[in-house]
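Residue numbers (our numbering): -15 to 182.
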């Protein structure tokens, strides 16, 4: 088996027989304290290295193992960049859903609305991970005059309001909430996210 770490061949001898054990060993013994496994390819295939099936793969089945590492800071910055890219798609999506609700295209709008709700959840989880990784004090860390705690509370209130309005099928009010509450909220996040990179 050939092992490459960040593009360089690793000629070390390992005694592990299972892939999960080998990766754990490499993480603990070979990498620096600030480095983490970031991407893993087995036999030229990207793999989800957290899965049990993957961990229990016999090394006898592996001809080529490619490992990319990253620092926590770089991983956080990449996730922030992904979030920026996502918001650049979410914002026009919010406008489109609001317009569809106003035009009476409820079926199409509701399908997109569910994607928007999933996206809001994903974005919130990502921000939570960034806050934890950066060890930010949510009650005192401010961006554009608002603490992270204030932002989270506002999103919770907006989400509750939009779900209630959706349940009542008040499509015009829902369009207004999406356009006049959610849209500015996420446009503001587009300005905040680059600041979280520093």
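Even glycine gets a Cβ: it sits at the ideal position worked out from N, Cα and C.
In angstroms with no decimal places, state the Cα-to-Cα distance between residue i and residue j.
i: residue 156; j: residue 12; result: 56 Å
i: residue 163; j: residue 150; result: 14 Å
i: residue 9; j: residue 116; result: 26 Å
i: residue 158; j: residue 175; result: 25 Å
i: residue 123; j: residue -4; result: 48 Å
i: residue 39; j: residue -6; result: 20 Å
i: residue 148; j: residue 140; result: 12 Å
i: residue 184; j: residue 143; result: Given a span of -15 to 182 for the chain in the structure shown, any question on residue 184 remains unanswerable.
i: residue 42; j: residue 36; result: 12 Å
i: residue 87; j: residue 67; result: 30 Å
i: residue 110; j: residue 90; result: 29 Å
i: residue 18; j: residue 138; result: 35 Å
Whose CA, out of the options, lies closest to the CA of residue i?
i: residue -11; options: 109, 25, 178 and 42; result: 25
i: residue 101; options: 75, -2 and 16; result: 75
i: residue 0; options: 57, 46, 18 and 147; result: 46
i: residue 178; options: 93, 144, 61 and 112; result: 61
i: residue 118; options: -8, 17 and 64; result: 64
i: residue 96; options: 106, 82, 87 and 109; result: 82
i: residue 28; options: 87, 112, 70 and -13; result: -13
i: residue 3; options: 94, 91, 89 and 51; result: 51
Report buried or exposed for residue i, applying the criterion of at least 16 other Cβ atoms within 10 angstroms of its Cβ.
i: residue 161; result: buried
i: residue 170; result: buried
i: residue 44; result: exposed
i: residue 183; result: Summary: the structure shown does not reach residue 183, with the chain confined to residues -15 through 182, and so no result is reported for it.
i: residue 98; result: exposed
i: residue 49; result: buried
i: residue 84; result: buried
i: residue 78; result: buried
Going by DSSP, name the residue or residues bridged to residue i.
i: residue 127; result: 130
i: residue 25; result: 30 and 50
i: residue 36; result: Bridge partners of residue 36: none, in fact.
i: residue -12; result: -7 and 50
i: residue 2; result: 42
For the ligand FAD, any of its heavy atoms closer than 7 Å to the Cβ of residue i?
i: residue -6; result: No copy of the ligand FAD appears in this structure; indeed no ligand is present at all.
Could you tell me which uninterrupted alpha helix (DSSP H) segments, each at least 4 residues in length, are contained entirely in the region 56 to 138, listed from first to last along the chain? 56 to 86 and 90 to 118
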